[in-house]
Amino acid sequence: MANAGGAWDNAKKLVEVELKEKGTALHAATVVGDTVGDPFKDTSSVAMNPVIKFTTLFGLLAVELSVELSRTMSAVLAGVFFLVSTVFVWRSFYGMRIGTEPSAAAGIAAAAAAPRS
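Residue 112 in my numbering is what sits at position 112 of the sequence shown, and the numbering runs on without skipping anything.
Right, dumping it as structure tokens:
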């Protein structure tokens, strides 16, 4: 997404500066592409950088641990890390959902169904 956003932005700059076609249909198309591309590069690259850094660091630490520790200890740590990661995955996908309160929903439905005088 970041690369696509940058390409759309560069296309608009190319049409404006290199081709000097500002105000044409080609320029209008590149403005639309740039409008789509800006959120792509502004959000995806910022969101992905911490993920890339974390996985790289975790991979380096995991390799170091697997080289230094015995086979049994490596297997135990792998199981512990797997369980911890499973908890975090569950919390991020299921534990953070916005729930609906049955009593509030029932109260709203009852108020809507009540006859008005």
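The beta-carbon is built from N, C-alpha and C at its ideal position, and this holds for glycine as well.
Could you tell me the alpha carbon to alpha carbon distance between residue i and residue j, rounded to whole angstroms?
i, j, result
"THR30", "VAL51", "31 Å"
"LEU26", "SER44", "27 Å"
"TRP90", "GLU64", "27 Å"
"ASP42", "GLY33", "14 Å"
"LYS53", "LEU60", "11 Å"
"VAL77", "THR56", "Here residue 77 turns out to be Leu, not Val, going by the sequence shown. Whole-angstrom Cα-Cα distance: 18 Å."
"ASN3", "THR72", "43 Å"
"MET48", "PHE82", "22 Å"
"SER70", "PHE58", "19 Å"
"GLU21", "MET1", "26 Å"
Hey, residue i and residue j are a contact pair by Cβ (cut 8 Å); roughly how many whole angstroms apart?
i, j, result
"SER74", "SER66", "5 Å"
Helix or strand or just coil, what does DSSP make of residue i?
i, result
"GLY23", "coil"
"MET96", "coil"
"MET1", "coil"
"SER44", "helix"
"SER70", "coil"
Would you call residue i buried or exposed, if buried means 16 or more other Cβ atoms sit within 10 Å of its Cβ?
i, result
"GLY5", "buried"
"VAL17", "exposed"
"VAL80", "exposed"
"VAL15", "buried"
* Does the pairing of the segment 1-20 with the segment 32-46 give three or more beta-carbon distances under 8 Å? -> yes
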